[in-house]
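Okay, so the sequence shown: first residue is 6 according to the numbering used here, each after it adds one.
Note sheet for the following structure.
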Amino acid sequence: MAESQGNRRLRTAVTRYFWPPCVLLSLSAFAFAVAGAPAERPLILRGAAIYTLNPRQPWATALVISGERIAYVGNDAGALARGGKFARVISLHGAMVLPGFHDGHAHPMSAGLRFLRCDLAGLKTAEQTYAAIRTCAATKARKGWLIGHNWSPQAFPRGTNWRVKLDALVPNAAAYMANDNGYTARVNSRALSAAAIDPEAAVPERDGLGRDPVTHKPSGVVSGAALERIHALLPKPSQAEYREALRHWMALASGFGITSVFDASAKPTMLDAYHSADVAGELTVRVVAAQLVDAHLGPEQVDAFVAQRDRVRGHYFRADAAKLFLDGEIAMRTAALLASYAGMPATRGDLLFSAEKLNGIVQRLDADGFSIHMHAMGDRAVRAGLDAVEFAMRENGARDRRHQIAHAGVVDPADLLRFGKLGVAANLQPGWFQAGDPVMAETEAVLGPPRSGWIYPAASIAKRGGRIVMSSDWPATSLNPLDNIQIAVTRQPLDGSRPAKRPEERIDLATAIAAYTRNAAWVAREDGIDGTIEVGKAADLAVLDRNLFRTKPDMLHNARVLLTLLAGKPVYRDPHFRWP
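The structure is reproduced here in structure tokens:
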């Protein structure tokens, strides 16, 4: 039906005057309704390379979105027929469409606070860093503290006395500047004083208090117990600050095609902030949060988890997962190993739970339907986590389980087959796979051969039927899924400057994409909603400027996200991408 003269006049009047956007949209919808078209017009993506991750229909050239859902997947002619004459049509000219990426392990709120604090990321020289801290001291100090992140020690000359330098840069507040790896920090005298750390009583090797090699006074470098003591004094974020941090993170994530995230460690205050953001309609990603298990408590704490889970569940937010830290970090020699660390016959790290307590907590969480997310870096911790799941399976019987081992830094060969056998996903961070990565170098040094050959065994687990999930552990590695997919495929730095690190553990592109979409949706219990492109599923999609399967492996990270849709609505659009 042709548009009437009256409707043309209405649209002309609407666009000629400065009406609020909501009024413009309402009048526009009214005009279409009067003309006989549906108020909500379908959207057609055509001429695309659509990789569906659906084994029954792996590829398509077009799809139709009706409301929040995918209504058709197939060829261009079928899409045009299904969408009808009033549909909006986007011709993609060979661009790639994927299910929206899932980041299966990240810290959007807790680490997102760095957007509100003194962020030193990307600063290459000492003078740039000093200038940034000086500016932050004047603008971002809060409640007597200046908190900073991403301090890069490589930018500074050796022997710098950080305490003295920070005393000068931040004279009116306690300063806490965390390293980019988060394991150490630089602090000033006010911070040490606030923590009541007595330099005369502290033992550096045990207490983590660095000292000047000449004066033996505190150098301002803290780690271990000293870092924890100071960190405990930092001002607690408000719910409003958490929500602002989340907004910053979501803007970044949407630009990378991310439509779902697993928050790997959420405190009760953060759960409330997520819930409030969901109720307010602020979420532009789906969020599943893991409630943090206290190693000092037993299965009784799960009662509170159940209450929290039921209280905060909303439209785009759930908290039906639980996080357990089974050990520490390999490079810090706190990960639990089956055999001693190289050159340290008396040290093999500690498990944070006894076998009896771990089995009891995992059994209770499993019985109450929680997805269990276990941090396990050392091979002894990996085995303990697998053992606990196996115990829960025996005690609780058959049920729909979505448990995972996060990191799996080193896995004993005897346990590789157990991931697939027990249905436990291996959640890996490819940013740590590459040659030249500082974490990888430190890990190899403290493990020694042959265990250095067992680090991050992605291909070995996948070949034995294990489910691979990939994630960023942001801010520990790049948030960009395309960076991490490339590293997983090549085991090289993004610039190709070093040869592959254990090339036998490279995975193919299809496996890497599945790890960031279908598999991650499965562990998040979203596989009925998204993770693949199928009729009836939510239109959570990422449009890339090129077909990854026609891109050289060392060029995958150069692909650009043109459009990100959540439930059919654009949450990110490249400035040059035309939206109908």
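Don't be surprised by glycine CBs; every beta carbon is placed ideally from N, CA and C.
What did DSSP end up calling residue i once you bin it into helix, strand or coil?
i, result
"Arg93", "strand"
"Gln62", "coil"
"Gln439", "coil"
"Met445", "helix"
"Gln497", "coil"
"Asn166", "coil"
"Val548", "strand"
"Met586", "Within the shown structure, residues of the chain are numbered from 6 to 585, placing residue 586 beyond reach of any answer."
"Pro172", "The question names Pro, but residue 172 is Asp in the sequence shown. The answer is helix: DSSP assigns Asp172 an H, G or I state."
"Arg555", "helix"
"Met560", "helix"
"Leu151", "strand"
"Leu422", "helix"
"Thr569", "strand"
"Gly83", "helix"
"Trp527", "helix"
"Pro455", "coil"
"Trp254", "helix"
"Thr264", "strand"
"Phe582", "coil"
"Val292", "strand"
"Pro242", "coil"
"Arg323", "strand"
Can you give me the C-alpha to C-alpha distance between residue i and residue j, rounded to a whole angstrom?
i, j, result
"Arg61", "Gly262", "24 Å"
"Leu68", "Arg583", "17 Å"
"Lys148", "Ala450", "41 Å"
"Tyr56", "Ala446", "36 Å"
"Lys328", "Asp268", "10 Å"
"Tyr577", "Val290", "11 Å"
"Lys557", "Gln306", "50 Å"
"Ala340", "Leu357", "10 Å"
"Ala201", "Leu239", "14 Å"
"Val528", "Lys426", "16 Å"
"Arg234", "Ser194", "14 Å"
"His412", "Gly99", "36 Å"
"Tyr22", "Arg314", "Reliability fails at Tyr22, whose pLDDT of 29 lies under 50, so the model's placement of it is uncertain and no value is given."
"Gly354", "Ala463", "24 Å"
"Leu121", "Ser71", "38 Å"
"Glu539", "Asp532", "11 Å"
"Arg555", "Met114", "36 Å"
"Val548", "Ala519", "16 Å"
"Leu58", "Arg523", "7 Å"
"Cys123", "Lys145", "7 Å"
"Cys141", "Val444", "29 Å"
Give every residue of the same chain whose Cβ lies closer than 7 Å to the Cβ of residue i, excluding the five residues on either side of it in the sequence, and list them in chain order.
i, result
"Asp283", "Gly319, His320, Tyr321, Phe322"
"Leu452", "Ile335, Ala347, Val415"
"Tyr521", "Phe106, His107, Met475, Pro486, Ile490"
"Thr352", "Arg338, Ser345, Tyr346"
"Lys362", "Gly303"
"Glu400", "Gln368"
By Cβ distance below 6 Å, which residues in the same chain neighbour residue i in space, the five residues on each side in sequence not counted?
i, result
"Trp479", "Ala111"
"Asp545", "Gly105, Thr264, Asp535, Leu571"
"Ser259", "Thr289, Thr569, Val576, Tyr577"
"Arg469", "Leu421, Leu422, Gly425"
"Ile138", "Leu174"
"Ser465", "Leu421"
"Arg551", "Ala564"
"His581", "none"
Consider the C-beta atom of residue i and the heavy atoms of the ligand NAP; say whether any pair is separated by less than 6 Å.
i, result
"Arg555", "The model depicted lacks the ligand NAP and carries no ligand whatsoever."
In this structure, what does DSSP give as the bridge partners for residue i?
i, result
"Ile75", "Ile70"
"Met398", "None, per the DSSP bridge assignment."
"Val227", "Ala190, Leu214"
"Val102", "Ile55, Val548"
"Leu433", "Met475"
"Arg1", "Outside the displayed range of the chain (6 to 585) lies residue 1, so it cannot be described from this structure."
Please confirm whether residue i and residue j have their CB atoms less than 7 Å apart.
i, j, result
"Ser224", "Arg168", "yes"
"Leu391", "Ala324", "no"
"Leu97", "Gly52", "yes"
"Ala126", "Asn155", "yes"
"Ala430", "Arg472", "yes"
"Ala178", "Leu151", "yes"
"His562", "Leu499", "yes"
"Ala517", "Ala481", "no"
"Asp308", "Met382", "no"
"Asn364", "Ala393", "yes"
Could you name the residues of the same chain whose beta carbon sits closer than 8 Å to that of residue i, not counting the 5 residues immediately before and after it, in chain order?
i, result
"Gly541", "Arg74, Ile75"
"Ser281", "Gln244, Arg248"
"Asn432", "Gly109, His110, His378, Gln409, Ile410, Ala411, His412, Ala413, Val474, Met475, Ser476, Val528"
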